[in-house]
Amino acid sequence: MTQLEVAMTILMKTFDEYAAMEGNKATMNKTETKTLQITNKGLSKNLQKTEAKNQAEVDKMLKSLDFNGDCEVDFSEFVVLVSALTCACHDRCPQKS
Ligand SMILES: [Ca+2]
Ligand SMILES: [Ca+2]
0 MTQLEVAMTI LMKTFDEYAA MEGNKATMNK TETKTLQITN KGLSKNLQKT EAKNQAEVDK
60 MLKSLDFNGD CEVDFSEFVV LVSALTCACH DRCPQKS
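At position 18 of the sequence shown (counting the first as 1) the number is 17 in numbering that gives the first Met the number 0, and the numbers step up by one without a gap.
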């Protein structure tokens, strides 16, 4: 697999793992989403610090991610979250080639 395919596979597996914790296995409810955010497996320590500092912002962000308003985060909504976090990390710590 290419690096990009590996990254996509990890993204899908991570979402499926947390979405399956309770209720609808195809979507993440608020508890599952928060678990993903705060658990060591979900985010690196660097990113966790940022998230913890801005819990109110995280709640606001999660609400804004629920595009179809069903109070659950589906995979397409999750990808938007990951993209936003990736952009924030990239802007803060640009990778040197
Ligand atoms: Ca679920
Ligand atoms: Ca939703």
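Beta carbons: idealized from backbone N, C-alpha and C, even for Gly.
Of the choices Gly22, Asp58, Phe66, Leu10, whose alpha-carbon is the least far from that of valine 82? Inspection of the sequence shows that residue 82 is occupied by serine rather than by valine. Cα-wise, what sits closest to serine 82 is Leu10.
Given the structure, does lysine 24 come close to ligand 1, in the sense that its CB is under 7 Å from one of the ligand's heavy atoms? Yes, since a heavy atom of ligand 1 falls inside the 7 Å radius drawn around the Cβ of lysine 24.
Would you tell me roughly how many angstroms separate the C-alpha atoms of arginine 91 and glycine 22, rounded to the nearest one? 36 Å
Under the three-state reduction of DSSP, which class applies to methionine 0: helix, strand or coil? coil
So aspartate 90 is in the alpha helix (DSSP H); what residue range does that whole segment cover? 74-91
Do aspartate 73 and alanine 25 count as a contact pair if the criterion is CB distance below 8 Å? Yes, Cβ-Cβ distance for alanine 25 and aspartate 73 is below 8 Å.
Please indicate yes or no: does the CB of valine 81 lie closer than 7 Å to some heavy atom of ligand 2? no
Is methionine 27 helix, strand or coil when you go by DSSP? strand
Any heavy atom of ligand 2 closer than 7 Å to the CB of aspartate 73? Yes, since a heavy atom of ligand 2 falls inside the 7 Å radius drawn around the Cβ of aspartate 73.
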